[in-house]
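To start, the structure itself, in structure tokens.
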Amino acid sequence: MPLFGGLIILWACAAWMSQSALAGPIWWNPHHVGGIPMPSDFRKFQLTYQKNIRRSLGAGNCTNSNIAVRKSWDEIDNATRVDYIRAVHCLAAKPPLMDMRLAPGAVNRLDDFTYIHINQTNFIHQSGYLLPWHRLFLWQIEKALREECGYKGYLPYWDVPRFSEDQTKSKVFDGSMTSFGGNGAFVPHGPRRVILPGLAVRNFTLPKPAGTGGGCITDGPFQNFTISMGPVAKVIIDPENKFGYKPNPRCLSRDFFDGASKGVMNWANATTIVASNTMKELRNNIEHLWHLNSHTFVGGEAADPFSTPNDPVFYLLHAQIDRLWAIWQGQDLEQRTYAIDGNRTFLGLAMDYAPDVPPSLATIEDPMDMGLGWHPKTKEGMPMTENGRCFIYD
Ligand SMILES: [Cu+2]
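Numbering (the numbering used here), first residue to last: 5 to 398.
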């Protein structure tokens, strides 16, 4: 490259960097992040949300100067990435707080989270509690990372639509030591159907497409990570270990499946989600265009609806889903903050221990089980700047 051209590029970068140092908008320089830049229609929704949230902040505990900004993993600096990964390993080295008689396979502090997620799966997915339950779940892990392990940042999110064409281009999955590692090693395998235990309908199954991995991850900071509970959704359920609560130490496996990302979790569908007109539409769009696909794309442990938090990337995956809900709520905080839609159980189905219970609708007064004895009402998990929560998504 001629010296002159190089200088121009250097100058452009320096100019941009000083701009972003003044808290300039992040989309101004997409080539620094890579992937597909945020299109203007999505950006409009994002800006309206951010403006409305900031305007709603009064003189309470959550203010414009102390609100936590949750950013994309691709946008935070390397030191914050290193610190986040360190804090995850720190929680993995701490003993669980839960009563281990409930799950002898729970061996560390992260397993407190995995346990309650397994335990609640049939109530918090394809139900009215999906979004508020996971919002509080994310807040709990963020708090644990910060207060118990000294993490200085906030929960990052996986910028899924930016990398929909090739997720390995994202710093989340590029395989470096500041990523979550890449795909699992290739193990020949075909598509399967796995049974979801606990429902009264016998042998309710979920299809699992065959991806390009299937084995243990071979790079990144979680290469030698040992997980213990699960898997739960399996081809054959062992009645002695129905929910995978027994110890089953093993590696972290993944099975990237591009068919769930390319042309699916793209900006167009992200925009469709935040542009939903009603809560019913929003929940359907999130479930069908995004939620299941993001788990299916990662595959392996992350694709088990019960024990999916075994993969540390789970929290970034769900932060993106929480962000889409936040942006939708932020278009009209008054009408949408407490909007709820859906049943009290997975697709309204009865549980195997109470097969005659008819479906009923979730309400914002219903208590949720977050584990460790915390049973907040559903409405507690809905606002972003109240009840001790104070965050905004970039
Ligand atoms: Cu979940």
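Note that the Cβ used here is the ideal one computed from N, Cα and C, for glycine as well.
Small disclaimer: the values here were computed from a predicted structure and weren't measured.
My assumption, with CB atoms under 8 Å, is that proline 225 sits in contact with isoleucine 89. Please give the rounded CB distance.
5 Å
Applying the 10 Å Cβ sphere with the 16-neighbour rule, what's the burial state of phenylalanine 190?
exposed
Is the beta carbon of serine 183 closer than 9 Å to that of valine 176?
yes
DSSP has isoleucine 396 in a bridge; who is on the other side?
Val73
Span of the alpha helix (DSSP H) around lysine 48:
44-60
Along the chain, where does the alpha helix (DSSP H) containing arginine 85 start, and where does it finish?
82-96
Whose C-alpha, out of Ala307, Trp329, Thr382, is nearest the C-alpha of isoleucine 122?
Ala307
Output yes if chain E places a C-beta closer than 9 Å to the C-beta of phenylalanine 190; else output no.
Absence of chain E from the displayed structure is noted, only one protein chain being present.
I need the boundaries of the alpha helix (DSSP H) containing arginine 287, first residue and last residue.
283-289
Which listed residue (Gln227, Asn391, Ser311) has its alpha carbon closest to that of serine 66:
Per the sequence presented here, residue 66 reads as cysteine, with serine not at that position. Among Gln227, Asn391, Ser311, the Cα nearest to that of cysteine 66 is on Asn391.
Are there any heavy atoms of ligand 1 lying less than 8 Å away from the beta-carbon of threonine 312, as far as the coordinates show?
yes
Any idea what DSSP makes of threonine 341, helix, strand or coil?
coil
Can you find a heavy atom of ligand 1 that lies under 8 Å from the Cβ of histidine 292?
no
Regarding isoleucine 128 and ligand 1, is the C-beta to nearest heavy atom distance less than 8 Å?
yes
Cβ-based neighbour list, alanine 91, same chain, cut-off 6 Å, excluding 5 preceding and 5 following
Leu149, Cys153, Tyr155
Could you tell me if the beta carbon of proline 309 falls within a distance shorter than 8 Å of some heavy atom in ligand 1?
yes
Counting only runs of 3+ residues fully inside the segment 124-197, write out the beta strand (DSSP E) ranges in chain order.
188-190
Measuring straight from C-alpha to C-alpha, what distance separates lysine 48 and glycine 202?
42 Å
Give me the Cβ distance between glycine 109 and proline 251, rounded to the nearest whole Å; I'm assuming they're in contact under 8 Å.
4 Å
Ordered along the chain, which non-local residues of its own chain (more than five positions away) have a Cβ less than 8 Å from that of histidine 379?
Pro371, Met372, Asp373
How many whole angstroms separate the CB atoms of isoleucine 290 and tryptophan 329, which I take to be in contact at a CB cut-off of 8 Å?
7 Å
Within 10 angstroms of the Cβ of asparagine 126, are there 16 or more other Cβ atoms? Answer buried if so, exposed if not.
buried
Let me know if serine 44 comes out buried or exposed under the rule of 16 or more other beta-carbons within 10 Å of its beta-carbon.
exposed
At a cut-off of 8 Å, is histidine 93 close to ligand 1 when judged by its beta-carbon and the heavy atoms of the ligand?
no
Roughly how many angstroms separate the alpha carbons of phenylalanine 280 and glutamine 227, rounded to a whole number?
Residue identity differs from the one stated: residue 280 is serine in this sequence, not phenylalanine. Rounded to whole angstroms, serine 280 to glutamine 227 spans 39 Å at the Cα level.
Can you tell me whether proline 243 is helix, strand or coil according to DSSP?
helix
Put asparagine 207 into one of helix, strand or coil per three-state DSSP.
coil
I'd like to confirm something about histidine 121: is its beta-carbon nearer than 8 Å to some heavy atom of ligand 1, or not?
yes
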